Every structure is written in C-alpha cells, then in structure tokens.
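These notes are about the structure you will find just below.
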Amino acid sequence: GASYSLGEKKLGVGFDTVRKVLQEDKKLLESIKKATTKAFEEMMK
Numbered sequence: 145g146a147s148y149s150l151g152e153k154k155l156g157v158g159f160d161t162v163r164k165v166l167q168e169d170k171k172l173l174e175s176i177k178k179a180t181t182k183a184f185e186e187m188m189k
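Residue numbers (my numbering): 145 to 189.
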C-alpha cells in the first residue's frame, strides 16, 4: 500500500492503517482538517 505522511511525521502504510491512526489521534485529525480548510480557503481567494 501507499505510505502516508504529514510533513516529517510518518502516519503509516496503507489506507486502513492510517484511517485507524486518525481515528485514535483526534488532535492529529483536527490539525489536518484545519490545514486542509486553510489551504482550500487560500486557493479560493
């Protein structure tokens, strides 16, 4: 499977593994949501 990372942090290999990591780490999930929203808003300017 694919290897997923966020910046220098490696999240895991494979979609299901990373999905489990994000389900367990709510702070990480929230930071990804905020970064995604911010990037989208910047793109739409």
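Using N, Cα and C, we set each Cβ at its ideal position, and we do this for glycine too.
In this text, all values refer to a predicted model and were calculated from it rather than measured experimentally.
Reduced DSSP secondary structure (H/G/I, E/B, other) of residue i
| i | result |
| --- | --- |
| Lys-189 | coil |
| Leu-173 | helix |
Residue range of the unbroken beta strand (DSSP E) whose run includes residue i
| i | result |
| --- | --- |
| Gly-151 | No beta strand (DSSP E) holds Gly-151; DSSP gives it neither H nor E. |
Candidates the options, of which the one nearest residue i by Cα
| i | options | result |
| --- | --- | --- |
| Lys-153 | Glu-186, Thr-180, Ile-176 and Ala-183 | Ile-176 |
| Leu-150 | Glu-168, Gln-167 and Leu-173 | Leu-173 |
Integer Cβ distance of residue i from residue j, believed to fall under 8 Å
| i | j | result |
| --- | --- | --- |
| Gly-156 | Val-165 | 5 Å |
Where the alpha helix (DSSP H) through residue i begins and ends
| i | result |
| --- | --- |
| Asp-160 | 159-168 |
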